[in-house]
Structure formats: C-alpha cells, structure tokens
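Have a look at the structure below, then the notes.
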Amino acid sequence: MHVEVVRTDALGDRSYLVHDGAVGVVIDPQRDFDRIERLARDRGVRISHVAETHLHNDYVTGGPELARRHGAVYLVGETEGLDYEATRLESGDRVDVGALSLTAVATPGHTDNHLAYIVDHDGEQAVFSGGSLLYGSVGRPDLVDPERTTELAKAQYRSARRLVDSVPDDAVLYPTHGFGSFCASDTAATTESSTIGEQRRTNRALTDTDEDHFVERLLANLTDYPSYYAHMAPLNRAGLAAPRLELPEPVDLETLRKRLADGEWVVDLRDRVAFAAKHVEGTVSFEYGDGTRFTTFLGWTLPWLDPVTLVGSEEDVRAAIRDLSRIGIDDPDVALGDPTERFADELPMSSYPSVGWEELAAEFRRGAAPTVLDVRRIDEYENEHIDGAVNIPLHELLTRISELGDERIWVHCGSGYRASTAASLLDRAGYDVVHIDSDFADVVKAGIPLSRR
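All residue numbers for the sequence shown refer to numbering that gives the first Met the number 0, where the first residue is 0 and numbers rise by one.
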C-alpha cells in the first residue's frame, strides 16, 4: 500500500492518494485536484475511486468533478440533496481498489453521515478518519447545528473509540483535518504522523474514560470559526466545476481607479510592513505567503462574494487565485506589479506607522492612555490581554468599526498579520492608526501591563 499525502497548508487540511502501484483511490480531494492528477501520472496510477469522508464545511471539494473526469466511482456517506451521482456507502461496506480493500466505518459526530475508511493490503492497515479522530482530539461537533453540539460531541467520543477498536495499534492514522483547520477542536495536536496505538495513549477522546467530562472539555475549547463555512456545504451539495486558475487579463488604471472610488475591495498582497509604509489609498492589506492564512482571513473578513481585485506580483496573484478557489471565491480581477511603483503618479498614496511593542510601552511610560485595539478572537482575548484594550475580532471589525472613537488607535493581534488587515481597514475608513507588528508573546518583555483569566 502506498499513501501519497497532498497537503493544503493554507487551510490546514490533507488529501490522500492511496494506491497499489497501479490503481488508486483519492480521499477528500480539494477543489484544485490538478495536484492529485499530476501525482497520479507521476506514479503511473489510474484513479478508479474517489471517496469523501464527509460533506466538508471548510473547503469546496473537487470530488465529483475528479470522479467524472476519470470515470471513477464516487463514494460518499450521504447522498441526500446532492446534485450529482454518487455511490452511498453504509458502515461495513467493502470496496476493492486494485489490490487494496477499503471498508467504510460510520463515525458520526463531525457530521451526521461521516465515514472513516480502513484500507487493507495483505494485513497492513491504514485509517483515513476525515474529521472524526484527529491527532490528539476530534473534529469539532458544532458545524451542523449549534443546538445539536452536545449530541454530536457525544457521538464523536463514541465514534473515535469504536474506530480504534476496529484496527490494530500499528495501523497508521491519516486525518483530513487537524493541521490548522478550524474544523478541528483547538486541542488537536500539531504532529506530522501518528498511529492508532499512539492515539490510544495520547488522544483525549481515548484517554478520558468519562464521556461527559470529555464533552464538557471539548465544548469549553470550541472557538469562533470562519463565517464562509456556512457556504461550503451548499456548494458541496451542488458540486462545483474545477476552478479556472488561469491568470485573467489585468485591469487597467482607469478601471482600478473606478473600483477604488466605488468602494470595492482592492486587495494588496505585498508584505504588510511594505504596505504600511506606502500603499494605494483605499486598498486593504492581506499579505500573501507561506504561513499567513491568507485564504481563511480574507474569506472570514470581507463580505462573502463581494467583488475582489488582487494586486501583487504575478507569482503571488496566481497562487492567491488558486487558494481562493478552494473556498468558492472564483474569478477575481487582478493588477500586476508593485502598486506603489506602477501607480505612484496616478493614484493617491497612504501610509501609517508599523511598530513593535516598545513604541506602545513608551506611550504607557509617558502616562498616556493609548487606545489599544486587540483584533484576536474573543477566546484569545479572554485568556490574556493588555489592560484596557478594546477587543473587536478582525472578522467583526467591518460591522463594528463605528464603535471606535476619533483618537489614534494602536492595533495588534497574535503575530501582526491580522493587525495589518485591521489597520488597513481602519486607514481606509479614515482612522489614525498604528500597526503593531510583533508577537503577542513578547508583550511582557516590553513591560506592558496584562490582565489574565
């Protein structure tokens, strides 16, 4: 058995190509499945099956279209409401994929009809658990219906324990979520690989013998999740076509000028410090790059499906188009190059300070009472925050911006990334803003007073 891992780090998910060297099944493919097709070609593998563990809430699946293109059998745990053909599996159903055997196991909790798959080859077994059993914990149970969260949390607990009892300790575990996805509970462990045996020893769903206690802890650790999640299940029931990833014709100066004048979203992908130093007035900062969570925060912050124009290098723009397609944001317009160089003589420019904690500490030492805006999530703020700081999470800022006064606003988050977007939104709205581009973990070193839970 060969397991090829296809990572989507921007969303914290993984897809898998599982094969015997000739024939394979793809499990939980992302919408941009050209990566999987390329991998299959390189390995000389024919895709005969595509399997979903569940109806995804954090990304648009490529499953229906991938199966159609390859004449593959499309396996799911739920067919109700789907606008395309699929083969529904029940718990215990077995499917042969070349020399491999795939067995479905009902693991409700993350969704009602969630399946895990046990793949067997000559006694070697691997478990593909989707959003059920994760490294260290389980997938969150509050995405289907908030009023059923406790019920589904109990189902997660039972599903995890039933699943591990179906396989030996040396079976390797391959979850879809748990690598930064908000579909995971925040107790999920950050590790690259694990086995069922290791999870028996370390996973809270398996080590806590009191179901009610586990559920209580799980629910206490649930945090906000991106608002665009509400749109993913309907899109996945409809079954979107493969994304258009080609670079569109860039917009011209006059078109860009009009979009800015009309208040449309023009997104600058450059480094956040460079943006603060100089940017086109009215643009907003969503720095693109590895580890930035660009897709999540753009989809969570801007109104769903409002027109977007991406501005940046060709490399960043191409990558951003691909990333956004994974959450159903298609066909953004683009303008290529450094906007402060291309449009410096034609469009008004703006800037604001980007500083560290020392500059804010100096304000406190002078006896001032600076207005500090903390744009982290509520749970982050409640755990620990700067004395007197106002908390408006980034994803709520557009609807609550009027709550802020006319004084200078010092804005921070956990790393500087979310604060850069918040600062750009405030600058766009005419506020006097200072962006704090520092890790929150370093605030104590600067001598700034904190309040802790």
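Cβ coordinates follow ideal geometry from the N, Cα and C atoms, glycine included.
Legend entry - Top-ranked residue by Cα proximity to residue 38, from 280, 25, 221 and 439: The candidate whose alpha carbon is nearest that of residue 38 is 25.
Inset, instruction - Mark residue 118 as exposed unless 16 or more other C-beta atoms lie within 10 angstroms of its C-beta, in which case mark it buried. - result: buried
Legend entry - Stretch pair the stretch 107-124 + the stretch 148-155: three plus CB contacts closer than 8 angstroms: yes
Legend entry - Status (buried if at least 16 other CB within 10 Å, exposed otherwise) for residue 225: buried
Inset, instruction - Spell out a yes or no on whether the stretch 66-77 and the stretch 244-262 are touching, meaning 3 or more CB-CB pairs, one atom from each, closer than 8 angstroms. - result: no
Legend entry - Under 8 angstroms between C-beta atoms of residue 236 and residue 82: yes
Inset, instruction - Grab me the residues of residue 294's own chain with a C-beta within less than 7 angstroms of its C-beta, minus the 5 sequence neighbours each way, in chain order. - result: 9, 10, 322, 323, 325 and 326
Inset, instruction - Tell me, please, whether the stretch 45-53 touches the stretch 15-33 by the rule of three or more beta-carbon pairs shorter than 8 angstroms. - result: yes
Legend entry - Cβ pair residue 389, residue 371 closer than 8 angstroms: yes
Inset, instruction - Look up residue 487 in the DSSP assignment and say whether it is helix, strand or coil. - result: Since the first residue of the chain shown is 0 and the last is 452, residue 487 is not available in this structure.
Legend entry - Three-state secondary structure (DSSP) of residue 390: strand
Legend entry - Own chain residues within Cβ distance below 6 angstroms of residue 241, not counting five before or after: 64
Inset, instruction - Alpha carbon to alpha carbon, how far is residue 341 from residue 270? Give it in angstroms, no decimals. - result: 17 angstroms
Inset, instruction - Kindly provide the ranges of any alpha helix (DSSP H) runs that are 4 or more residues long and lie completely inside the stretch 27-72, ordered along the chain. - result: 33-42 and 62-69
Inset, instruction - Out of 300, 385 and 445, state which residue places its alpha-carbon closest to the alpha-carbon of residue 397. - result: 300
Inset, instruction - Please confirm if residue 23 has its CB atom under 8 angstroms from at least one CB of chain E. - result: As a matter of chain content, chain E is missing from the structure shown, which is built from one protein chain.
Inset, instruction - Could you have a look at residue 328 and say whether DSSP puts it in helix, strand or coil? - result: coil
Legend entry - Residue from 58, 328 and 135 with nearest C-alpha to residue 29: 58
Inset, instruction - Ignoring anything shorter than 3 residues or poking outside the stretch 112-151, list the beta strand (DSSP E) runs there in chain order. - result: Runs of beta strand (DSSP E) with 3 or more residues, each lying fully within the stretch 112-151, are found at 114-120 and 123-129, listed in chain order.
Inset, instruction - Evaluate contact between the stretch 443-452 and the stretch 358-376, counting only Cβ atoms and requiring at least three cross-stretch pairs below 8 angstroms. - result: yes
Legend entry - Residue span of the beta strand (DSSP E) that contains residue 93, given as start and end: 93-96
Inset, instruction - Determine, using beta carbons only, whether residue 176 and residue 0 come nearer to each other than 8 angstroms. - result: no
Inset, instruction - Could you tell me the distance, in whole angstroms, from the CA atom of residue 36 to the CA atom of residue 15? - result: Rounded to whole angstroms, the gap between the alpha carbons of residue 36 and residue 15 is 12 angstroms.
Inset, instruction - May I have the straight-line CA-CA distance separating residue 418 from residue 104, to the nearest angstrom? - result: It is roughly 43 angstroms from the alpha-carbon of residue 418 to the alpha-carbon of residue 104.
Inset, instruction - Can you give me the start and stop residues for the alpha helix (DSSP H) that residue 373 sits inside? - result: No alpha helix (DSSP H) holds residue 373; the beta strand (DSSP E) holding it covers 370-373.
Inset, instruction - For residue 409, name the three-state secondary structure that DSSP assigns. - result: strand
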